[in-house]
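Enquirer: Have a look at this one before I ask anything.
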Amino acid sequence: MPMHKVLPELYEGHAPITLHNAFHDALEALEEWKDGNEEPLVAVDSYNVPISHIFARMSACTDLLPLRTRDVLETIVDKGSFRASGGSLYADGAKLVMPICVERLTLSLLRPTASLIELRKACVEG
């Protein structure tokens with residue numbers, strides 16, 4: 008199923024609670040994401056969605072961030088940069104974590120796969 012069908016659309020800048028919860032879960036997954044690992048997925052209405060898709064959808068959300076979500080966000084990004092951005096909307100948070108997400112996605116794509124490692128090992132041993 009296409010992601011635009013799984014993730015609800017914003018309505019005049021407002022997101023349904025489903026997206027608010029998914030954003031919070033995506034932040035927690037980003038916080039735990041180790042460099043080089045594959046992108047974490049978050050369950051949204053029984054579908055596993057890459058966290059980058061959730062951040063992208065929320066990048067235009069004008070809803071206010073609840074304190075619990077702000078706390079998680081502030082552990083990921085520098086508090087000063089968060090406050091300097093205004094730091095009160097979901098869109099602000101999404102725009103701050105998207106570069107982190109892109110960086111980790113790039114590192115995961117550059118990570119050698121198990122089959123490539125085995126091929127290199129076979130070449131060295133052979």
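Each residue of the sequence shown is one higher than the last, beginning at 8 in my numbering. We put the CB at the ideal spot given by N, CA and C, even for glycine.
Around the Cβ of VAL51, are there at least 16 other Cβ atoms within 10 angstroms (buried) or fewer (exposed)?
Expert: VAL51 comes out buried.
Enquirer: For LEU17, which residues of its own chain have a beta-carbon under 7 angstroms away from its beta-carbon, when the five flanking residues on both sides are left out?
Expert: ALA67 and CYS68.
Enquirer: Could you pull the DSSP bridge partners for HIS27 from this structure?
Expert: Note: HIS27 sits in no beta bridge, so no partner.
Enquirer: Determine the direct distance from the alpha carbon of SER115 to that of GLU45, and round the result to whole angstroms.
Expert: Looking at the two C-alpha atoms, the distance is approximately 6 angstroms.
Enquirer: What residue range is occupied by the uninterrupted alpha helix (DSSP H) comprising LEU48?
Expert: First-last for LEU48: 48-51, but that is the beta strand (DSSP E), not the alpha helix (DSSP H).
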